[in-house]
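The structure under discussion appears below in the form of structure tokens.
Rendered as structure tokens:
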């Protein structure tokens, strides 16, 4: 029994379950609203979640009413509606009828009542605000003809309110998380990294825009929601990481431990640096519950320019002279040999001989091959 009513029946339980499901699936609200209206004898229902600071509608559903009517209310009547501040001074979640906060004389003299409510056949509007912070939250019902909700109908509506409030608060929380997550994903994208979060079943729980582009390009696949790599060795490493996350051993207990691999796309020759790292939760504001594997994929040809220290280490590995290092550095910065020679005021033949020596020492077949060797070296040794 809830509020003295037999509210624990199948219909009530079903609606409450759907109310909580709507936290992550707001498209369920019309069916829920119509179900509650049928349960309590209401004609129309209005659900509003409004960010007052940004003047943005988060949710705004008006069931069994004209869509244009609610748009007109939000535009023309909400700013002058005297009930709004009065309701905001009542207890959040408490179901209150219009007649309890609005006198008959006030209603007769109010354009909100005369031009909006009567025109749209909204009688005895009854509901509750569940506002928090700068977000206005309202759930209300109305009769379709003159009359009032009975005490039993009002108490029945009140029984739903705690569940509606909790679902909407959770929806707002999930929405904030999604916004923060997308912002962080965009930052990763701007830095030239594809980022994915993979759960213990291998399912992709988050992917930024660059990751989605690589999936479409075929470098990775999404098979029934699960991540897979085209490269067999990298895919095997991912499956081992997932298995270890499901069944950790003492040697794998450190969540910060990770693995890195270099992947070459056989079709395009592009090189990718792939790193797998266990995360106890989403990185930063990427709040995804449970342990995850953070997968970063870096297209090495999109990496920022190589640093002087990275090039010096590369030159030391292959015993390049200072002159050879300079021409390699120019090539890595996108400068052609002729432009480099003019800038250094040396003969073109001299610059080409220095480059040829560098290619021979590094075992490179050409300039493109040399750049890919530098990319691999920087990913595997210094980054």
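In the UniProt record's numbering, the protein residues as written are 1 to 383. For each residue, glycine too, the CB sits at the ideal point set by N, CA and C.
Residue 63 is positioned such that its CB atom lies no closer than 8 Å to that of residue 109.
Here the stretch 22-40 lies against the stretch 154-161, with 3 or more beta-carbon pairs under 8 Å apart. A check of alpha carbon separations from residue 58 across 165, 345, 47 and 68 identifies 47 as the nearest. In this structure, residue 370 places its C-beta atom within 8 Å of the C-beta atom of residue 362. Under the three-state reduction of DSSP, residue 368 is assigned to helix. Rounded to whole angstroms, the gap between the alpha carbons of residue 294 and residue 197 is 5 Å. Secondary structure note for residue 296: its beta strand (DSSP E) is the uninterrupted segment 292-299. In the three-state reduction of the DSSP assignment, residue 138 falls in the strand class. Within the model, the alpha-carbon separation for residue 277 versus residue 298 is close to 14 Å. Remark: C-beta atoms of residue 269 and residue 262 do not approach each other more closely than 8 Å. Boundaries of the beta strand (DSSP E) around residue 50: 44-51.
It is roughly 9 Å from the alpha-carbon of residue 326 to the alpha-carbon of residue 351. The C-alpha of residue 238 is placed about 12 Å away from the C-alpha of residue 246. Cβ neighbours of residue 99 within its own chain (closer than 8 Å, five residues either side excluded): 124 and 148. In this structure the stretch 16-36 does not lie against the stretch 126-134, because fewer than three pairs of beta carbons, one per stretch, are closer than 8 Å.
Each of 122, 138 and 117 was checked against the Cα of residue 84, and the nearest Cα belongs to 138. Rounded to the nearest whole angstrom, the CA to CA distance from residue 135 to residue 211 is 34 Å. According to the DSSP secondary-structure assignment, residue 221 is paired through a beta bridge with 228. Straight across, the Cα-Cα distance linking residue 114 with residue 61 is about 22 Å.
Contact between residue 69 and residue 120 holds, with the beta-carbon distance rounding to 5 Å and staying under 8 Å. The three-state reading of DSSP puts residue 261 in strand, counting E and B together.
Counting along the chain, residue 207 sits inside the beta strand (DSSP E) bounded by residues 204-207. DSSP places residue 119 in the coil class of the three-state scheme, outside both helix and strand. Judged by beta-carbon spacing, residue 230 lies within the 8 Å limit of residue 221, meaning their Cβ atoms are closer than that value.
Under the three-state reduction of DSSP output, residue 350 falls in the helix class. Bounds of the alpha helix (DSSP H) holding residue 83 are 83-88.
The alpha-carbon of residue 312 is positioned some 43 Å away from that of residue 177.
A distance below 8 Å separates the beta carbons of residue 364 and residue 373. In this structure residue 202 touches residue 226 by the C-beta definition: roughly 4 Å separates them, less than 8 Å. In this structure, DSSP gives residue 197 an extended state, which the three-state scheme calls strand.
If the five residues before and after residue 214 are omitted, its C-beta is found closer than 7 Å to the C-beta atoms of 194, 220 and 297, all from its own chain and listed in chain order. Between the C-alpha atoms of residue 107 and residue 291 there is a straight-line separation of about 56 Å.
Taken atom to atom, the span from the alpha-carbon of residue 316 to that of residue 267 is near 32 Å. Listed as beta-bridge partners of residue 56 by DSSP are 51.
A distance of 8 Å or more separates the beta carbons of residue 49 and residue 77. Where residue 35 is concerned, the enclosing alpha helix (DSSP H) starts and stops at 29-40.
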